[in-house]
Amino acid sequence: MTHPPEPHPSESQSSASQPGARRAVAIALDIGGSHVTAAPVDPHLRAVTAAPTRLDLPHDAPHDTLIGGWAEVALAALAGAGEAVTVTHLGLAVPGPFDAARGVSGMTHKFRALHGRDARAALRARLRGTPLQGTPILFGNDADLFALGEWWAGAGEQLDTIGVTLGTGIGSGFIRAGQVQTGGPGVPPGGELWNTPFRGATAEDAVSGAALTRLTHRHLGVALDARQLAALDASQSGPVWTAFGQTLGEALSPWVEAFGAQRVVLGGNISRAFGQFGTALQSQLPPGAQVRQSRHFEHAALLGAAFLRDSERSLDY
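Residue numbers (my numbering): 236 to 552.
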């Protein structure tokens, strides 16, 4: 029988339990290549407490448009949180490379307008004179925060967890005791699995969306994406999903064993078909490691961003 995780130490005296007290929330943002979403997260409930606000915002927009969009959705999320709340921090899940401590993007393939500039200072300036003025602003890698959110409030159940997002590419995050691990035993450089060697190429070459499409062509004679494959009868799609699951398991297994992961949590579009390939994947993992589908999908990174204030205590606010 699985018991709910013990409350995080910061939650043991939640203001929500004190009559007349203001309710603490984090405002979490997930920065994507074509849009940004934001929502309030209650750390006591470990839950997104209002429907996320979404704003279409292409990554190639000018600097001030990007920062202005982030500020806009953050304020909208605050409005959705209701009255009598205290905001602990703004947590932003961002693609990499991004120096989270400095708030500076190293990306050149997208978000070029942010490259080398202090996003924290720019957002802080944009929020001056608003209800979020002076609120601490913390950043984290989006794949890391997916894993952290699932560790804290989802399928990771606060066990040592590797989170993997499967889509056009592969994202990954390694979590131990509520801390993102970007190095050390069993962790690839930066915690990134996508470019680790596998079968003479990289892991991403073998288990990304493009790899799944190649598998469908090999087995069925037609190139299909994950959604199209999932729509087929199991008698047709089964061999493809089995091959995909086994390959994914083989790619992950050495890292799961070396890290000592007790949970592997899958997110991203391909993981929606987890029921089709999960058994094949599980068969390749070392004993003691269980694979699970994400409980929160798009909300997981928001939850991870909300947890940043506790997991990054060493940061100078």
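All residues carry an ideal CB built from backbone N, CA and C; glycine is no exception. Just so you know, these numbers come straight off a predicted model, no measurement behind them.
Could you check the C-alpha separation between residue i and residue j for me, to the nearest Å?
i, j, result
"A356", "E392", "35 Å"
"D265", "G389", "17 Å"
"A524", "G513", "13 Å"
"P297", "G369", "24 Å"
"V442", "T403", "10 Å"
"T284", "R434", "44 Å"
"S518", "G418", "27 Å"
"G480", "L292", "34 Å"
"L450", "A478", "8 Å"
"L447", "L459", "8 Å"
"F491", "G398", "According to the sequence displayed, residue 491 carries Val and not Phe. If you take the alpha carbons of V491 and G398, they lie about 11 Å apart."
"H243", "A438", "Note that H243 scores 43 on pLDDT, short of 50, meaning its location in the model is unreliable; the coordinates nonetheless yield the value given after this. When rounded, the distance between both Cα atoms is 34 Å."
"G268", "G444", "17 Å"
"Q528", "L538", "16 Å"
"H534", "G503", "11 Å"
Taking residue i as part of the alpha helix (DSSP H), name the residues at either end of that continuous run.
i, result
"Q463", "A461 to A465"
"P489", "A469 to F494"
"I505", "No alpha helix (DSSP H) contains I505, which DSSP labels as neither H nor E."
"R434", "Unbroken run through R434: none, as it is neither H nor E."
"D299", "H298 to G315"
Just mark residue i as buried or exposed, buried being the case when its beta carbon has 16 or more other beta carbons within 10 Å.
i, result
"R361", "buried"
"G317", "exposed"
"P199", "Since the first residue shown for the chain is 236 and the last is 552, residue 199 is missing from the structure and cannot be characterised."
"T300", "exposed"
"S340", "buried"
"A423", "In the sequence as presented, Ala is not what sits at residue 423; that position holds Pro. It is buried - the Cβ of P423 has at least 16 other Cβ atoms within 10 Å."
"V271", "buried"
"G375", "buried"
"V415", "buried"
"V457", "exposed"
"Y552", "Since pLDDT at Y552 reaches only 30, below the 50 mark, its modelled position is unreliable, and the value read off the structure follows with that caveat. Exposed, because fewer than 16 other Cβ atoms sit within 10 Å of the Cβ of Y552."
"R258", "buried"
"R453", "exposed"
Looking only at C-alpha atoms, which of the options sits nearest to residue i?
i, options, result
"G315", "T417, P275 and I410", "P275"
"A436", "W490, I410, L313 and A486", "A486"
"G510", "G539, A536 and A461", "A461"
"A465", "G502, S506 and A328", "S506"
"A371", "G338, T403 and H531", "The residue you asked about is not Ala; residue 371 is Pro in the sequence shown. When each option's Cα is compared against that of P371, the closest is G338."
"L428", "A412, L447 and T400", "T400"
"L196", "A263, P297, G473 and L537", "Not covered by the structure: residue 196. The range shown for the chain is 236 to 552."
"L290", "I302, F433, R453 and E439", "I302"
"L483", "A515, A469 and R449", "A515"
"F494", "E385, G421, P432 and T431", "G421"
"W387", "A335, T323, D440 and D277", "D277"
"R359", "A282, G304, H531 and G384", "G304"
"L455", "S472, H344, I405 and A508", "S472"
"A469", "D440, D379, A438 and A508", "A508"
"A335", "L467, D353 and L537", "D353"
Measure the Cβ-Cβ separation of residue i and residue j and say whether it is below 8 Å.
i, j, result
"R544", "L394", "no"
"L501", "V526", "yes"
"S488", "P521", "yes"
"G326", "A541", "yes"
"A273", "V308", "yes"
"V329", "D377", "yes"
"L367", "V322", "yes"
"G408", "L373", "no"
"L380", "A282", "no"
Please report the residue range of the beta strand (DSSP E) in which residue i lies.
i, result
"F346", "Unbroken run through F346: none, as it is neither H nor E."
"R258", "R258 to I266"
"L220", "For residue 220 there is no data in the structure shown, the boundaries of the chain being 236 and 552."
"H270", "H270 to D277"
"L534", "The question names Leu, yet the displayed sequence has His at residue 534. Counting along the chain, H534 falls outside any beta strand (DSSP E), and DSSP gives it neither H nor E."
"L325", "V320 to V329"
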